[in-house]
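Peer 1:
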Amino acid sequence: MRAEAISAILADLNGSSGDIEASAVVSRDGLMMASLLPNNVEEDRVAAMSAALLALGERTARELERGGLDQMMIHGKEGFVMMRDAGPEAVLTVLAKKEAKLGLVFLDVSRAAKELEKLL
Amino acid sequence: MTGKSQYKFIISGPVGAGKTTAIATLSDIPPVVTDATPTDEVAEQKHQTTVAMDYGTIRLEGGQKVHLYGTPGQERFDFMWDIMTEGALGLLLLLDNSRPDPLDDLERFLRAFSPFLDQAPFCVGITHTDVAAEPPRSAYNRLLAAQGRVVPVFTVDPRSKPDMNLLMLAMLSMIDPSIALTACASREGAEA
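Each protein sequence line maps, in turn, to chains L and Y. At position 82 of the first sequence (counting the first as 1) the number is 82 in our numbering, and the numbers step up by one without a gap. So the mapping is simple: our numbering equals the position in the second sequence, first residue as 1, plus 120.
As structure tokens, then:
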């Protein structure tokens, strides 16, 4: 039931704009909870990497007195990876195209993260 | 690594071996930890697990600085193992004697770190021997010898400063015996 609700939020998010290519919800300790990822992506590793990056981002933000972490973004030559805090238990990871309109993507991602937070 | 006075070492080993504790014991600064609450079977064992890395430093008498990086233990984080061995001089491998098959753990980590261990020294610390006395230390020595590796093996308690210092000194003496001597002097001074 909960897994279905999570998947529905991800499906919504992926459909919300053509800029978002894939998304996943990952536990803080790096395990996949639900995902809509391309077939060629290794889920276990994406989950672990998301948790590791978010933890490092969080620690860095605190160390440099930037407050709690909201979001982490990786800008690759072929697109973006965003990791968004989705409550105390989970992380929302999103893949976006390189020509994505980031403002809109941020908005959609943060909305989805809030819904997830309520659910988890 | 800048200059000759910086040394980077990795602490690795299976989940629950005591890597985070070891760094907290050795470090002169409050260690940097990145942990999360486990949601899998690890939750039965402990309340926090490392998801990115632990970091601590030791300042030696001669002004040299030792940087310690602790890896996550779960295999799904093995990309961190690769990242962290970059520029490292050696590996401290902690193995939990109370796990189902600690000798298999040893083999697994030797395999995982094999490109690194072909060019860098390492030493082994066996932990939780108070919980499980078997296998004996000699079993680890035999396995390592069978692989043609000459490696110091100690039984250690990651909470014990003298134990961890001993392991650290073994590591340092494999890199540079003169540093180990200075380190020995400064460590003893610190405890006196």
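Virtual Cβ for every residue (Gly too), placed ideally from N, Cα, C.
#1: Which residues in chain Y sit within 7 angstroms of Gly30 (chain L), going by Cβ to Cβ distance?
#2: Based on the DSSP output, what are the partners of Thr275 (chain Y) in its beta bridges?
#3: Could you confirm whether any beta carbon from chain L is found closer than 7 angstroms to the beta carbon of Arg269 (chain Y)?
#4: Of the choices L:Glu43, L:Glu21, L:Ile6 and L:Ala5, whose alpha-carbon is the least far from that of Met79 (chain L)?
#5: With 8 angstroms as the limit, tell me which residues of the segment 281-294 of chain Y have their beta carbon closer than that to any beta carbon of chain L; keep them in chain order.
#6: DSSP state of Thr205 (chain Y), grouped into three classes?
#7: With distances taken from CA atoms, which of L:Asp44, L:Leu107, L:Met32 and L:Ala51 is nearest Met83 (chain L)?
#8: Let's see if you can read the secondary structure: which residues bound the alpha helix (DSSP H) around Gly6 (chain L)?
#9: For Met284 (chain Y) and Thr140 (chain Y), I'd like the C-alpha separation in whole angstroms.
#10: Assign Phe233 (chain Y) to one of three DSSP states: helix, strand, or coil.
#11: Is the number of C-beta pairs between the segment 130-140 of chain Y and the segment 100-120 of chain L that are closer than 8 angstroms three or more?
#12: Whose C-alpha, out of Y:Gln126, Y:Phe197 and Y:His167, is nearest the C-alpha of Gly182 (chain Y)?
#13: Measure the CB-CB distance between Ile130 (chain Y) and Leu211 (chain Y) and report whether it falls below 7 angstroms.
Peer 2: Well, looking at it:
#1: Taking the first residue of the first sequence as position 1, residue 30 (chain L) is located at position 30. Per Cβ cutoff of 7 angstroms: Val171, Arg196 and Phe197.
#2: Residue 275 (chain Y) sits at position 155 when you count from the first residue of the second sequence. Per DSSP, the beta bridge partners of Thr275 (chain Y) are Y:Ile246.
#3: Here residue 269 (chain Y) refers to the residue found at position 149 when the second sequence is read from its first residue. No - not a single Cβ of chain L is within 7 angstroms of the one on Arg269 (chain Y).
#4: Working through the first sequence from its first residue, we reach residue 79 (chain L) at position 79. Reading off the sequence, residue 79 (chain L) comes out as Gly, not Met. Comparing Cα positions, the closest option is L:Glu21.
#5: For chain L, none of the residues of the segment 281-294 of chain Y brings a beta carbon within less than 8 angstroms of one of its beta carbons.
#6: The count along the second sequence starts at 1 and reaches residue 205 (chain Y) at position 85. Note: Thr205 (chain Y) maps to helix in three-state DSSP.
#7: In the first sequence, counting from the first residue as 1, residue 83 (chain L) sits at position 83. Closest in alpha carbon position to Met83 (chain L), among L:Asp44, L:Leu107, L:Met32 and L:Ala51, is L:Ala51.
#8: Position 6 of the first sequence, counting from 1, holds the residue named residue 6 (chain L). What sits at residue 6 (chain L) in the sequence shown is Ile, not Gly. Ile6 (chain L) -> alpha helix (DSSP H) spans Arg2 to Ser16.
#9: Residue mapping note: residue 284 (chain Y) aligns to position 164 of the second sequence, counting from 1. Residue mapping note: residue 140 (chain Y) aligns to position 20 of the second sequence, counting from 1. Met284 (chain Y) and Thr140 (chain Y) have their C-alpha atoms spaced approximately 12 angstroms apart.
#10: Position 113 of the second sequence holds residue 233 (chain Y). Residue state, collapsed to three classes: coil.
#11: Not touching, per the Cβ criterion.
#12: For the purposes of this step, residue 182 (chain Y) is taken as residue 62 along the second sequence, with counting starting at 1. Nearest C-alpha to Gly182 (chain Y): Y:Gln126.
#13: The residue labelled residue 130 (chain Y) in the question sits at position 10 within the second sequence. The residue labelled residue 211 (chain Y) in the question sits at position 91 within the second sequence. Closer than 7 angstroms, so yes.
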